[in-house]
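S.K.:
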Amino acid sequence: MSNETETSLNSPAQEKVQRGFSIHDAYSIMKSSGTKFSVGNLATVSENLDKRVDTERYSIESTSEIAGYWQIYDKTLNQTFVLNPDTTTLQTDTNTNKNYIVFQNVFGEPENVMYADNELVGALKQFLNTDSIPTTSLNENYVIDINKFTGIESLKVKGNEGAGSWNLICNQEQKEKLQELANLYKEKYPNLVKTDGMAMGFADAEVAGQAVRTENGIMLIACNGLNYMDNVDPSKSWHIMYSINDTDMYKKIMNAMTEGYIIGKDIENVSKWEKYFEEKELSYERILSDEELELLQMNKI
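Okay, so the sequence shown: first residue is 1455 according to the working numbering, each after it adds one.
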């Protein structure tokens, strides 16, 4: 059920969304405090904090930037994780026995997530001056996927996978694999990926399940649309937009590829996607490219 449009989206079943999005917007789609308390939060055992705890890999301390917040610095990955202990819990995936530090916002949604190995859990205990930390089972609304190329885990919220995810790099090896993936993007798609930052953005998006590499280009899956960018022929690039409120669309798009409806070179073909959406009775808007708009104007003359 498609409506091709030149300037805006007018379907009553959808929110209006901006026409198309840039490469910068496309690779930046992933990265999306208050006093609400989470059950079993870290603040419940934080009465006698050490000022700072250092281990071989981690340092933990209160941050001076936001009152009441803590920060964990991963020396191996050179990453800092800032959290509000009132809304942060230690959650365990019962299928793998892996622990995750989950910082939620005031709405109970994940704000940031960090994998917690035994060294980090031990450092937290030392920082909290306690022998044990309350844990809960991993939220049933979370799902963890593993990227095959890098081995990096990605945590998503069920039913809202297209809105973004949290890539959980565990070690230096995974960090190097992520860099290898970024290098691949820069080498394979030089007309699209012109900087190291863009290359890493696309690599992050692929780990998150929101970027798909094809023979000739890159397709990105956002919460409100598909964006295919052709490295060889820009006129073959295309945009399809859908309502940001249709939170199941991400799963339907992924199913199209994993179940064999659209595979290989067909991923680059917008007509294949339009046919799939029509057959599944999915509402969408085809956003015309500049070349298509120019041709349309010429035909009107």
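For each residue, glycine too, the CB sits at the ideal point set by N, CA and C.
In three-state DSSP terms, what is Ser1518?
M.R.: Sequence index remark: in the sequence shown, residue 1518 carries index 64 (1-based). In this structure, Ser1518 counts as coil in the three-state DSSP scheme.
S.K.: What residue from Val1567, Ile1721, Asn1593, Tyr1523 has the CA that sits closest to Asn1549's CA?
M.R.: On the sequence shown, residue 1549 is found 95 positions in, with the first residue counted as 1. Checking every option, the nearest Cα to that of Asn1549 belongs to Asn1593.
S.K.: Since Leu1635 and Ala1657 should fall inside the 8 angstroms C-beta cutoff, what is the C-beta to C-beta distance between them, to a whole number of angstroms?
M.R.: In the sequence shown, the residue the question calls residue 1635 occupies position 181. In the sequence shown, the residue the question calls residue 1657 occupies position 203. Your pair Leu1635 and Ala1657 checks out as a contact, with CB atoms roughly 4 angstroms apart and the cut at 8 angstroms.
S.K.: So who's on the other strand from Ile1598, going by DSSP bridges?
M.R.: Locating residue 1598 in the sequence shown gives position 144, where the first residue counts as 1. DSSP output for Ile1598 lists Leu1609 as bridge partner(s).
S.K.: DSSP state of Asn1464, grouped into three classes?
M.R.: Walking along the sequence shown from the start, residue 1464 turns up at place 10. Only weak support is given to the placement of Asn1464: the predicted model assigns it a pLDDT of 33, under 50, and the question is left unresolved by the model.
S.K.: From Asp1528 to Gly1663, what distance separates their C-alpha atoms?
M.R.: Start at 1 with the first residue of the sequence shown, and residue 1528 comes out as number 74. Start at 1 with the first residue of the sequence shown, and residue 1663 comes out as number 209. When rounded, the distance between both Cα atoms is 25 angstroms.
S.K.: Nearest to Asn1614 by alpha carbon, out of Asn1583, Ser1691, Asp1700, Glu1573?
M.R.: Here residue 1614 refers to the residue found at position 160 when the sequence shown is read from its first residue. The option with the nearest alpha carbon to Asn1614 is Asp1700.
S.K.: Quick one: what's Lys1552 bridged to in DSSP?
M.R.: Locating residue 1552 in the sequence shown gives position 98, where the first residue counts as 1. Partner(s): Asp1547.
S.K.: What are the start and end residues of the beta strand (DSSP E) that includes Ala1676?
M.R.: Sequence index remark: in the sequence shown, residue 1676 carries index 222 (1-based). It spans 1671 to 1676 - the beta strand (DSSP E) in which Ala1676 sits, taken as one unbroken run.
S.K.: Phe1656 by DSSP, collapsed to three states: which one?
M.R.: Counting from one through the sequence shown, the residue named residue 1656 turns up at place 202. Helix.
S.K.: By the DSSP assignment, the beta strand (DSSP E) with Gly1679 in it spans what residues?
M.R.: Sequence index remark: in the sequence shown, residue 1679 carries index 225 (1-based). Residues 1679 to 1684.
S.K.: Quick check on this structure: which residue in Gln1633, Lys1729, Ser1518 has the alpha carbon closest to the alpha carbon of Lys1505?
M.R.: Position 51 of the sequence shown, counted from the first residue, corresponds to residue 1505. Checked all of Gln1633, Lys1729, Ser1518; the closest Cα to Lys1505 is Ser1518.
S.K.: Suppose you measure from the CA of Ser1476 to the CA of Ser1743; what does that come to, to the nearest Å?
M.R.: On the sequence shown, position 22 is the one that residue 1476 refers to. On the sequence shown, position 289 is the one that residue 1743 refers to. Its pLDDT being 48, under 50, Ser1476 is placed unreliably in this model, and the coordinates cannot settle the point.
S.K.: Per the DSSP calculation, Asn1621 is bridged to which residue(s)?
M.R.: Indexing the sequence shown from 1 puts residue 1621 at position 167. In the DSSP output, where bridge partners are listed per residue, Asn1621 has Ser1608.
S.K.: Starting from the Cα of Asn1583, find the closest Cα among Glu1515, Met1708, Cys1624, Asp1599 and give me that residue.
M.R.: For the purposes of this step, residue 1583 is taken as the residue at position 129 of the sequence shown. Per the Cα distances, Glu1515.
S.K.: What number of angstroms, rounded off, separates the C-alpha of Val1556 from the C-alpha of Trp1524?
M.R.: Counting from 1 along the sequence shown, the entry for residue 1556 is found at position 102. Counting from 1 along the sequence shown, the entry for residue 1524 is found at position 70. Val1556 and Trp1524: Cα-Cα distance of roughly 13 angstroms.
S.K.: Excluding five sequence neighbours on each side, which residues of the same chain lie with their C-beta closer than 6 angstroms to the C-beta of Ser1513?
M.R.: Here residue 1513 refers to the residue found at position 59 when the sequence shown is read from its first residue. Result list for Ser1513: Tyr1527, in chain order.
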